[in-house]
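What follows is a set of notes on a single structure, which appears directly below.
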Amino acid sequence: MINKYDMLNNAIEAICNSAPDTFGRYRMEGKSEEEKNNIRAKDYIHLFLLIKFGLQDFKTRHDYITDGPGDGGVDAYYIDTNRRVIYLIQSKYRIDEGNYENKEISSAEIASMELKSILDGKLNGEDGRPYNGKIRGMQKKISGLPNLGLYDYKIILLANLYKSESLKVVKTIFSGLSYDVFDYTRAYDELVFPYCTSTYFQGDSIIIDRNIMGVEQCCKESFENTSYGKCSVALLFVPLSFVAEIVDEYKNSILQYNPRNYLSMSKNPVNKAISVSLKEQNENFALLNNGITMICSDFICSTQNGLNGSTNIRIEDPQIINGGQTGFTLSRIYRDDPEKLQGKKVLLKIIATYKSSKEQQAVTDEEKQELSTAYATFVNSISDATNMQTKIDEADRKANLQAQISMQKRLFAYYGLLYERKQGEYEEALHQKIFDKDQVIKRDTFVKCLWAMKGDCAKAMSISKADLFDEDALLQVINENTDAKCAVFSYLFFSLSVAIDNKNKKQEHPVWGNGTRYGKYALLSVAGRLVSAHLEKRTGLADILELAERSLEIILNEWGEFEKYVRTLQTNETYFKNEVNYFNYYKSQNVQNDINVFWSNYEMEESAELCLVKKTGKRVKVVF
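So the sequence shown is numbered by numbering that gives the first Met the number 0: it starts at 0 and just counts up by one.
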């Protein structure tokens, strides 16, 4: 499997490969290793600008990168005119995993940031040499900003920073300016993982602020006492191009609370129906389409600041929770044949949820997490209600449960594994070969593995998909108390048994019996009984995988004895009296009871190596 550092480099290389032909300096071909590392260092900044600020255009990102001789210690910048924040960035890319995760930015490197001189507009550095053209261009942009006095500065250190002496230098050099440190853990979690999900905007980084023609505001009404707090609802008819543009630009980032993701929508037959409606119904499209439902933190719609009859629309933190399929189809039409959208409108329903005083005053992580969970629950309830009219897979409908989101984050943070909450969310990154396909954890199998590991292999074997993702049932196995290590072990163990089955499909298994053929969840249930104590001692992914491999081998070597035992039981006559039918036996409720009885006589021990022992009174007989 590809580790997170290699995922980072694969993402960097993908960005490099996306460079237009006019940016040959980003090409790796024919370059020395030193030149390649310099390119990777710049592309590391590209990755940050892409994910943190959603700058998808390569040239736009390039224009913000100042790294090079005469940069005054500032490698890049970004001016957020919506929030009135000027970001100044220093980045340290390391060429191997050990250095990347352990080497810190030095005090001297921090001190090289000539912030005062640059922000004072001086043209030369402290060594008397002129600043490069990019730095001078940045100075010109900053000085030309309207209401510059209202802007805040924020320093971004894209590097590791832990030592107290370096922190002292930071406080001295930055002289009261706020700063943020993106160390390797944050880079993995907040840059690499979003790249894997094609979520190119983080948190509250999306602000739609546009003047558009042809907006018709129907009504706006406030609600004071919702389950979340104060909200308002606005209904507007907006041009199709407005919706198409924002979905095309933000993609998965604006669909985080939607049951589906951007790419998976391409497989839905609704696309064709929407396209036909656009072509054949012309002005009736708004009447025949259910419209778009969007939730946000704040919303303003005003004609007072509009130009030439336009309307100014400002939406902060928008998320499309219904109508994603319409938005997706419009975005594709917008890219391929934008004229089809001209003169047509769609109903846009905007739900604004304003921050309460409680949220604004939240200080502790616990308070913030509690409020975040409350918000997610509120949004999901609206999403569920507004998506009732469309057939949605139950697994998709439960994709945005907070427990699911948390599990996905933990599996990546701890083990570099990618839990697929939404179908196809890793499709683009897989195509770019950012990671191996084996690192994607399929949700159906994953949840079934957790049930088997919990000691209910019959449920894992026979449960329907709808019941599998019933919220009450799902939260029994995926919640904040679910051990990520145990979850990973269960999935790896099951995957190994599948691999053995695939390898030996046409062969008899005299020793193993039918465990890998029909009883994969039964095998896992046994493992759940035997390996818990040993699992606690394991740390990284390789260690857990080794335990899964060894324990599967040991259990399989005794599985023939288990199957001999179950054939002797009167309760199993249905499956073995007249004919041998392991297929139906392993689907039955009998299996777990038989496991509980037979395997209660066994335990795992670990001295020089892992082994299975059978308890026989006071004696312990080594079986394997």
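Just so you know, even glycine gets a beta-carbon here, dropped at the ideal spot from N, CA and C.
According to DSSP, is K271 helix, strand or coil?
Along the sequence shown, one-based indexing puts residue 271 at 272. K271 falls in the helix class under three-state DSSP.
Please name the residue or residues paired with F492 in a DSSP beta bridge.
Translated into the one-based positions of the sequence shown, residue 492 becomes position 493. In DSSP, F492 forms no bridge with anything.
Residue nearest to F47 in terms of C-alpha spacing, selected from N8, E33 and K30
Taking the first residue of the sequence shown as position 1, residue 47 is located at position 48. The option with the nearest alpha carbon to F47 is N8.
In terms of residues, what are the limits of the alpha helix (DSSP H) holding D542?
Taking the first residue of the sequence shown as 1, we reach residue 542 at position 543. Here the alpha helix (DSSP H) through D542 covers L540 to R566.
Over what stretch of residues does the alpha helix (DSSP H) that includes N595 continue unbroken?
On the sequence shown, position 596 is the one that residue 595 refers to. Where N595 is concerned, the enclosing alpha helix (DSSP H) stretches over N589 to F597.
Can you list, in chain order, the residues of its chain whose CB lies under 6 Å from that of K447, leaving out five sequence neighbours each side?
As a position in the sequence shown, residue 447 is number 448, starting the count at 1. Excluding its 5 nearest sequence neighbours in each direction, K447 has C-beta neighbours in its own chain below 6 Å: A459, listed in chain order.
Just how far apart, CA to CA, sit K229 and E427?
Taking the first residue of the sequence shown as position 1, residue 229 is located at position 230. Taking the first residue of the sequence shown as position 1, residue 427 is located at position 428. Take the alpha-carbon of K229 and the one of E427: they are about 38 Å apart.
Residue range of the alpha helix (DSSP H) that F57 falls in?
Locating residue 57 in the sequence shown gives position 58, counting from the first residue. Where F57 is concerned, the enclosing alpha helix (DSSP H) stretches over F57 to Y63.
Return helix, strand or coil for K170, following the three-state DSSP convention.
Your numbering for residue 170 matches position 171 in the sequence shown. Three-state result, K170: helix.
Host beta strand (DSSP E) of A428 (start-end):
Counting from one through the sequence shown, the residue named residue 428 turns up at place 429. Following the DSSP letters along the chain, one finds A428 in no beta strand (DSSP E) but inside the alpha helix (DSSP H) bounded by residues E426 to H430.
Cβ-Cβ distance between I349 and M293 below 7 Å:
As a first step, residue 349 is located in the sequence shown; it is residue number 350 there, counting from the start. As a first step, residue 293 is located in the sequence shown; it is residue number 294 there, counting from the start. Against a cut-off of 7 Å, the Cβ pair of M293 and I349 comes out as a contact.
Given Y86 as reference, the closest of Y92, I78 and F488 once Cα atoms are compared:
For the purposes of this step, residue 86 is identified with residue 87 of the sequence shown, where counting begins at 1. Of the candidates Y92, I78 and F488, the residue whose Cα lies closest to the Cα of Y86 is I78.
Alpha carbon to alpha carbon, how far is Q401 from Y418?
Looking up residue 401 in the sequence shown gives position 402. Looking up residue 418 in the sequence shown gives position 419. Within the model, the alpha-carbon separation for Q401 versus Y418 is close to 14 Å.
Looking only at DSSP bridge pairs, what is V439 linked to?
Here residue 439 corresponds to residue number 440 of the sequence shown, with the count starting at 1. Per DSSP, L417.
Spatial neighbours of A526 within its chain, please: C-beta separation below 6 Å, excluding the five flanking residues on both sides.
Taking the sequence shown and counting its residues from 1, the one referred to as residue 526 is at position 527. Within the same chain, Cβ atoms closer than 6 Å to the Cβ of A526 are found at F492 and S550, the five residues on either side in sequence being excluded.
Under 7 Å Cβ to Cβ from P129, same chain only, skipping five residues before and after it: list those, please.
Numbered from 1 along the sequence shown, position 130 holds the residue referred to as residue 129. Within the same chain, G69, L122 and N123 come within 7 Å of P129 by CB-CB distance, once the 5 residues on both sides are set aside.
Output the residue ranges of the alpha helix (DSSP H) runs that lie fully inside the segment 102-183 and measure 4 residues or longer, sorted by chain position.
Counting only runs of 4+ residues, the alpha helix (DSSP H) found wholly inside the segment 102-183 occupies 106-110, 114-118, 132-142 and 163-173, in chain order.
Please determine, among A107, L568 and G127, the residue with the shortest C-alpha to C-alpha distance to S116.
Stepping through the sequence shown from its first residue, residue 116 is reached at position 117. Of the listed residues, the one whose Cα sits closest to S116 is G127.
Residue of H430, V237 and S90 minimising C-alpha distance to A159:
Along the sequence shown, read from residue 1 onward, the residue named residue 159 stands at position 160. The residue asked about is misnamed: residue 159 is Asn in this sequence, not Ala. Among H430, V237 and S90, the Cα nearest to that of N159 is on S90.
Host alpha helix (DSSP H) of T363 (start-end)
Translated into the one-based positions of the sequence shown, residue 363 becomes position 364. According to the DSSP assignment, T363 belongs to no alpha helix (DSSP H), since it is labelled neither H nor E.
Where does G67 land, buried or exposed, given buried means 16+ other C-beta within 10 angstroms?
For this step, residue 67 is matched to residue 68 along the sequence shown. Its Cβ having fewer than 16 others within 10 Å, G67 is exposed.
Any chance you could list the beta strand (DSSP E) runs of at least 3 consecutive residues sitting entirely within the segment 17-82, in chain order?
Taking only runs of at least 3 residues, the beta strand (DSSP E) segments lying wholly in the segment 17-82 are 75-79.
Take N583 as the anchor and find which of M603, W598, A521 and G143 has the nearest alpha-carbon.
For this step, residue 583 is matched to residue 584 along the sequence shown. Cα-wise, what sits closest to N583 is A521.
Taking its Cβ as the centre, do 16 or more other Cβ atoms sit within 10 Å of Q255, making it buried, or is it exposed?
To locate residue 255, count along the sequence shown from 1; it is residue 256. It counts as buried.
Ignore the nearest five residues each way along the sequence and tell me which others in Q201's own chain have a CB closer than 7 Å to its CB.
Numbered from its first residue, the sequence shown carries residue 201 at position 202. I50, K51, E189 and P193.
Kindly give me the distance between the Cβ atoms of D658 and K421, rounded to whole angstroms, as I take these residues to be in contact under 8 Å.
This structure does not reach residue 658, given that the chain is present from 0 up to 623, and the question cannot be answered.
Counted within 10 angstroms of its Cβ, other Cβ atoms place A451 as buried (16 or more) or exposed
Residue numbering aside, residue 451 sits at position 452 when the sequence shown is read from its first letter. Buried: at least 16 other Cβ atoms inside 10 Å.
Would you mind giving the Cβ-Cβ distance between V214 and T310, rounded to the nearest angstrom? I have them listed as a contact below 8 Å.
Against the sequence shown, residue 214 aligns to sequence position 215. Against the sequence shown, residue 310 aligns to sequence position 311. The beta-carbon distance between V214 and T310, rounded to whole angstroms, is 4 Å. This is short enough to meet the 8 Å contact definition.
Tell me which residues share the same chain as E479 and place their Cβ nearer than 7 Å to its Cβ, disregarding the 5 neighbours each side in the sequence.
As a position in the sequence shown, residue 479 is number 480, starting the count at 1. Excluding positions up to five away in sequence, the list reads A402 and S405.
Residue closest to L609, alpha-carbon to alpha-carbon, out of L114, D56, D542 and G518:
Against the sequence shown, residue 609 aligns to sequence position 610. Answer by Cα proximity: D542.
Quick check on the DSSP output: the beta strand (DSSP E) that includes N210 runs from which residue to which?
Locating residue 210 in the sequence shown gives position 211, where the first residue counts as 1. If you look at N210, you'll find it in the beta strand (DSSP E) that goes I206 to I211.
Spatial neighbours of Q388 within its chain, please: CB distance less than 8 Å, with the 5 preceding and 5 following residues excluded, ordered by chain position.
Translated into the one-based positions of the sequence shown, residue 388 becomes position 389. In this predicted model, Q388 has a pLDDT of only 49, less than 50, meaning its place in the structure is not dependable; the value taken from the coordinates is given anyway. Excluding sequence neighbours, Q388 sits near N289.
For the beta strand (DSSP E) that V627 lies in, which residues bound it at each end?
With the chain represented from 0 up to 623, any question about residue 627 goes unanswered, as that position is not in the structure.
Three CB pairs or more closer than 8 Å across the segment 528-542 and the segment 596-606
Yes, since at least three Cβ pairs between the segment 528-542 and the segment 596-606 fall closer than 8 Å, the two stretches touch.
Please state whether DSSP places V345 in a helix, a strand or coil.
Position 346 of the sequence shown, counting from 1, holds the residue named residue 345. Here DSSP, grouped into helix, strand and coil, assigns V345 to strand.
So if DSSP puts A233 in a beta bridge, which residue, or which two residues, is it bridged to?
Along the sequence shown, one-based indexing puts residue 233 at 234. DSSP, once it has assigned bridges, lists K219 and I349 as partnering A233.
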